[in-house]
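All remarks here apply to the structure that follows.
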Amino acid sequence: HAKAKGRNRIAIFDQPMLQKVRHRLRLEVELRQAVEHGDFELYYQPIVNLRTQALVGFETLIRWQKDGQMLPPDEFIPVAEETGLIFEISRWVLHAACRQLRDWQQRYPKMMAAGLTLSVNLSGSHFSLPTLVTDIEQALNSYHLWGQFLKLEITESALMKHLESARELLLCIKSMGIRVAIDDFGTGYSSLSYLRSLPLDCIKIDRSFISTMDSSREDLEVVHTILLLAQNLRLDCVAEGVETTNQLQQLRSLRCPHGQGYLFSPPLSANQAELYLQKHLVT
Ligand code: C2E
Ligand code: MG
Ligand code: MG
Ligand code: MG
502 HAKAKGRNRI AIFDQPMLQK VRHRLRLEVE LRQAVEHGDF ELYYQPIVNL
552 RTQALVGFET LIRWQKDGQM LPPDEFIPVA EETGLIFEIS RWVLHAACRQ
602 LRDWQQRYPK MMAAGLTLSV NLSGSHFSLP TLVTDIEQAL NSYHLWGQFL
652 KLEITESALM KHLESARELL LCIKSMGIRV AIDDFGTGYS SLSYLRSLPL
702 DCIKIDRSFI STMDSSREDL EVVHTILLLA QNLRLDCVAE GVETTNQLQQ
752 LRSLRCPHGQ GYLFSPPLSA NQAELYLQKH LVT
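See below:
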């Protein structure tokens with residue numbers, strides 16, 4: 502009896518963990534299949550000039566078409582990172598983004614004239630891979646693209662994790678004409694001296710500060726400080742997750758050059774993004 506009781510106790514404690522492990526394993530198997538079948542799609546979110554609201558580019562955001570649903574990256578990128586599947590996914594993203602950019606540039610020459618860019622999120626583990634530079638070169642070459650229309654985003658925390666190799670890698674990437682943005686800025690722990698020593702082009706202020714800047718004096722101050730920092734270092738700046746006109750007004754009064762968020766547009770499918778492009782390219 503005691504033994505049965507003991508087993509029960511173990512069962513009670515282990516059930517949630519077992520379920521987690523099962524879920525994780527299933528996700529891993531399904532993700533592997535998705536990579537084989539190419540069940541991913543890129544969405545595109547417009548980035549705008551906050552003063553004029555003119556379109557300046559798009560950020561590509563990966564989605565997983567799973568059982569008729571679009572799964573957001575936060576639900577599978579971590580598993581992809583842990584299993585190493587991220588490398589194949591990351592290369593796929595680079596190629597798909599470059600293919601789309603080339604296609605749009607060819608059909609809408611104004612896009613190049615207007616200098617519109619496409620931003621691609623780089624995973625931290627891909628950033629640390631020796632093949633990163635050739636992966637990027639291959640993607641550009643496959644579609645005869647100029648680097649200056651491509652932007653790469655790397656999160657502040659990923660950059661800090663790979664600090665030793667970061668400077669050299671970024672210089673290599675920049676020598677291809679590609680611009681580099683530090684993503685989710687303000688959530689990591691980068692020191693100012695590192696920031697100054699890295700060849701960056703743009704700071705993306707994390708959404709968490711933008712979403713509370715109209716209710717929290719401190720967050721407003723953080724946004725203000727980041728903008729001053731960007732100005733001093735001659736870096737471009739994008740406010741992430743702009744949702745309200747109030748936030749837009751505040752960002753404008755702080756002279757934040759660029760923004761992105763539901764107020765302007767949610768992430769769009771390729772077809773929707775093309776319609777957006779047609780509408781916003783007319784001059
Ligand atoms: P991120 O690069 O910081 O992308 C911005 C995220 O904020 C996107 O979430 C976007 O849909 C969301 N967003 C944009 N505007 C608003 C807004 O006004 N309000 C709110 N609440 N959210 C907004 P998403 O698409 O779920 O992507 C989450 C993260 O996954 C991205 O954060 C990025 O770090 C990562 N990710 C996305 N695509 C890729 C990819 O192709 N490769 C890698 N390695 N990571 C990716
Ligand atoms: Mg990003
Ligand atoms: Mg971000
Ligand atoms: Mg993010």
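For the record, in the sequence shown the residue sitting at position 143 is 644 according to UniProt numbering, with numbers rising by one throughout. All C-beta atoms, glycine included, are put in the ideal place defined by N, C-alpha and C.
Whole-Å CB distance - I655 paired with I683, under 8 angstroms assumed: Here the question's residue 655 lines up with position 154 in the sequence shown. Here the question's residue 683 lines up with position 182 in the sequence shown. Right, the Cβ-Cβ distance comes to about 7 angstroms (below 8 angstroms), so this counts as a contact.
Ligand 2 heavy atom lying under 7 angstroms from the CB of E654: As a working mapping, residue 654 is identified with position 153 in the sequence shown. Correct: E654 has its Cβ closer than 7 angstroms to ligand 2.
Run of the alpha helix (DSSP H) containing E665, from where it starts to where it stops: To locate residue 665, count along the sequence shown from 1; it is residue 164. From DSSP, the alpha helix (DSSP H) with E665 extends over L664 to S676.
N733 Cβ short of 7 angstroms to ligand 1 heavy atom set: In the sequence shown, counting from the first residue as 1, residue 733 sits at position 232. Every heavy atom of ligand 1 is 7 angstroms or more from the Cβ of N733, so no.
Own chain partners of L556 with C-beta closer than 7 angstroms, once the 5 adjacent residues on each side are dropped: Residue 556 sits at position 55 when you count from the first residue of the sequence shown. Answer for L556: P547, V549, L617 and H781, listed in chain order.
Inter-residue Cα distance where the pair is L543 and E744: Position 42 of the sequence shown, counted from the first residue, corresponds to residue 543. Position 243 of the sequence shown, counted from the first residue, corresponds to residue 744. Going by the C-alpha atoms only, they are around 22 angstroms apart.
Neighbourhood of K504 by C-beta distance below 7 angstroms, restricted to the same chain and skipping five residues each side: The residue labelled residue 504 in the question sits at position 3 within the sequence shown. At K504, the pLDDT of 48 sits below 50, so the modelled position is not reliable; the number obtained from the coordinates is stated separately. So the list is empty, once near-sequence residues are dropped.
heavy atom of ligand 3 below 7 angstroms from K780 C-beta: Working through the sequence shown from its first residue, we reach residue 780 at position 279. Outside the cutoff, so no.
One or two residues paired with S620 in a DSSP bridge: Within the sequence shown, residue 620 is the residue found at index 119, counting from 1. Beta-bridge pairing links S620 to E560 and K652.
S716: CB within 7 angstroms of a non-hydrogen atom of ligand 1: Here residue 716 refers to the residue found at position 215 when the sequence shown is read from its first residue. No, since every heavy atom of ligand 1 falls outside the 7 angstroms radius drawn around the Cβ of S716.
Three or more C-beta pairs below 8 angstroms linking the stretch 569 to 578 and the stretch 669 to 679: Here the stretch 569 to 578 makes no contact with the stretch 669 to 679; the two share fewer than three CB pairs at distances below 8 angstroms.
Distance CB(G742)-CB(I711) smaller than 8 angstroms: As a position in the sequence shown, residue 742 is number 241, starting the count at 1. As a position in the sequence shown, residue 711 is number 210, starting the count at 1. Yes, Cβ-Cβ distance for G742 and I711 is below 8 angstroms.
Alpha-carbon spacing of R533 relative to E589, whole angstroms: Position 32 of the sequence shown holds residue 533. Position 88 of the sequence shown holds residue 589. Each residue's Cα considered, the two are about 10 angstroms apart.
Terminal residues of the alpha helix (DSSP H) in which M613 lies: Stepping through the sequence shown from its first residue, residue 613 is reached at position 112. Note, M613: alpha helix (DSSP H), P610 to A614.
Identity of the residue in E722, G687, D568 and L736 nearest P700 by Cα: As a working mapping, residue 700 is identified with position 199 in the sequence shown. It is L736 whose Cα lies nearest to the Cα of P700.
Heavy atom of ligand 3 within 7 angstroms of K705 beta-carbon: Position 204 of the sequence shown holds residue 705. Yes, the Cβ of K705 comes within 7 angstroms of a heavy atom of ligand 3.
Cβ-heavy atom distance, E741 to ligand 3, below 7 angstroms: Your numbering for residue 741 matches position 240 in the sequence shown. Taking the Cβ of E741 as the reference point, at least one heavy atom of ligand 3 falls within a distance shorter than 7 angstroms.
Local Cβ density within 10 Å of residue 786, reported as buried at 16 or more and exposed below that: Outside the displayed span of the chain (502 to 784) sits residue 786, for which this structure offers no information.
Candidates M571, F559 and Q554, of which the one nearest D540 by Cα: Sequence index remark: in the sequence shown, residue 540 carries index 39 (1-based). It is M571 whose Cα lies nearest to the Cα of D540.
M714 classed as buried or exposed, judged by whether at least 16 other C-beta atoms fall within 10 angstroms: Within the sequence shown, numbered from 1, the residue matching residue 714 stands at position 213. Buried, because 16 or more other Cβ atoms sit within 10 Å of the Cβ of M714.
Alpha carbon of L734 to alpha carbon of R592, nearest angstrom: Position 233 of the sequence shown holds residue 734. Position 91 of the sequence shown holds residue 592. Distance between the alpha carbons of L734 and R592 is about 31 angstroms.
Close Cβ partners of Q516 (< 8 angstroms) along its chain, the five nearest in sequence each way excluded: In the sequence shown, the residue the question calls residue 516 occupies position 15. Here the set comprises nothing.
Status (buried if at least 16 other CB within 10 Å, exposed otherwise) for L776: For the purposes of this step, residue 776 is taken as residue 275 along the sequence shown, with counting starting at 1. L776 comes out exposed.
From V723, A598, Y545 and R527, residue whose alpha carbon lies closest to that of S766: Taking the first residue of the sequence shown as position 1, residue 766 is located at position 265. Nearest C-alpha to S766: Y545.
K575 Cβ short of 7 angstroms to ligand 3 heavy atom set: Within the sequence shown, residue 575 is the residue found at index 74, counting from 1. Note on identity: in this sequence residue 575 is Asp, with Lys being the wrong assignment. Outside the cutoff, so no.
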